[in-house]
Amino acid sequence: MEKNKKKVVFAGAGPGDPELMTIKSMKAIQEADLVIYAGSLVPEAVLCWKGEQTRTVSSADMNLDQIIDMICQAHGEGKRVVRLHTGDPSMYGAIFEQIRELEKLDIPCRVLPGVTAAFAASAKMKMEFTLPEVTQTLILTRIAGRTPVPDTEDLDRLAAHGSSMAIYLSMAHTEKVQTILKKHYGKDSTCAVAYKVSHPEEKILYCKTGELTRTCQENDITRHALILVGRAVEASMGNSELIKSKLYDPGFSHGYRKSE
52 MEKNKKKVVF AGAGPGDPEL MTIKSMKAIQ EADLVIYAGS LVPEAVLCWK GEQTRTVSSA
112 DMNLDQIIDM ICQAHGEGKR VVRLHTGDPS MYGAIFEQIR ELEKLDIPCR VLPGVTAAFA
172 ASAKMKMEFT LPEVTQTLIL TRIAGRTPVP DTEDLDRLAA HGSSMAIYLS MAHTEKVQTI
232 LKKHYGKDST CAVAYKVSHP EEKILYCKTG ELTRTCQEND ITRHALILVG RAVEASMGNS
292 ELIKSKLYDP GFSHGYRKSE
């Protein structure tokens, strides 16, 4: 039997809105014979792009071996397989271990990027993470929980930079997050809780860092959210003096324009 040369596609589903999926990922789903999607996070709404004959399977109750076995069987039958992950596959997608197993089986694959929740949230908030002379760094991270993090990436150490920060997968530990953010950003600084960004149930809640836990409790937010903090959050609410970039400054020369 001729070997299936079709590549298994690891695709980013985006933050939830089907229209925020990339065209390449949309086409991959349309052409797929099998879509295995991370059902605990990927909303079924994004499956609206699938073809009439496309089979869809949630991996919410599957382990790694079961996922690989299903991909291997479908690929062996000559089918086009899409492994659909929430947001961007490179962010907490656990794709590394899947790709390595497929490589052992000599099954080719490729990865299609997607829009991660931090960028969908900043778009909703009309926020720029990198403000001139305020912060030029964005940290995407999580607090240690059931999944540990290296000591050098402890949230307390990262928060000490005072940069813009998006904290994923940490809603079960808001009290600890609150303590750390109060220490480094101040209890009266503003943070935002972005819940199910781009979904119909979307909420963007602003609060003081010292009120983070209470805000989450009052709004019954225990998962599917991320925390954004830094002076960029305050600036998005009009609480910071605007510092203009050099890029469009009429007195600043660059390769495409001379200063006035």
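In case it helps, the working numbering puts the sequence shown at residues 52 to 311. Glycine included, every Cβ here is placed at the ideal spot set by N, Cα and C.
- The three-state secondary structure of TYR143, taken from DSSP, is coil.
- Listed in chain order, the alpha helix (DSSP H) elements of length 4 or more contained wholly in the stretch 54-92 are 74-82.
- Within the same chain, no Cβ atom closer than 7 Å to the Cβ of LYS155 is found once the five residues on either side in sequence are excluded.
- When DSSP states are grouped into helix, strand and coil, ALA96 belongs to the helix group.
- Under the 10 Å beta carbon count, GLU226 is surrounded by fewer than 16 other beta carbons and is classified as exposed.
- Counting the other Cβ atoms within 10 Å of the Cβ of GLY65 gives 16 or more, which makes it buried.
- The Cβ neighbour count for PHE147, taken over all protein chains shown within 10 Å, is under 16; the residue is labelled exposed.
- Taking all protein chains in view, the Cβ of GLY237 is surrounded by fewer than 16 other Cβ atoms within 10 Å, so the residue is classified as exposed.
- Residue environment analysis places SER91 among the exposed positions, since fewer than 16 neighbouring C-beta atoms fall within 10 angstroms of its C-beta.
- Separation of PHE170 and SER221 (C-alpha to C-alpha, rounded to the nearest whole angstrom) is 17 Å.
- Taken through DSSP and simplified to helix, strand or coil, MET121 comes out as helix.
- Judged by pairs of C-beta atoms under 8 Å, the stretch 160-175 does not touch the stretch 194-209, as fewer than three such pairs exist.
- The Cβ-Cβ distance between TYR257 and THR273 does not fall below 8 Å.
- Judged by DSSP secondary structure, SER173 falls within the alpha helix (DSSP H) whose first and last residues are 168-175.
- Rounded to whole angstroms, the gap between the alpha carbons of ARG265 and THR167 is 26 Å.
- Counting along the chain, no alpha helix (DSSP H) covers ARG193; the unbroken beta strand (DSSP E) around it starts and ends at 189-193.
- When secondary structure is reduced to three states using DSSP, LYS155 falls in the helix class.
- DSSP, reduced to helix, strand and coil, places ILE272 outside both helices and strands of the structure shown, so it counts as coil.
- MET142 places its beta carbon 8 Å or farther from that of VAL284.
- When the alpha-carbon of GLN229 is set against those of LYS78, TYR219, LYS259, the nearest one is in LYS259.
- Taking 8 Å as the cut-off, the beta carbon of ARG197 is found no closer than this to the beta carbon of TYR219.
- A contact between stretches requires three or more CB pairs, one per stretch, nearer than 8 Å, and the stretch 181-190 fails this requirement with the stretch 95-108.
- When beta bridges are read from the DSSP output, GLY138 appears opposite GLY65.
- The beta carbon of ALA79 sits closer than 7 Å to the beta carbons of VAL60, ALA62, VAL133, LEU163 from its chain, once the five residues preceding and following it are set aside; these are given in chain order.
- If you draw a straight line from the Cα of ILE122 to the Cα of ARG282, it comes to about 45 Å.
- When secondary structure is reduced to three states using DSSP, MET222 falls in the helix class.
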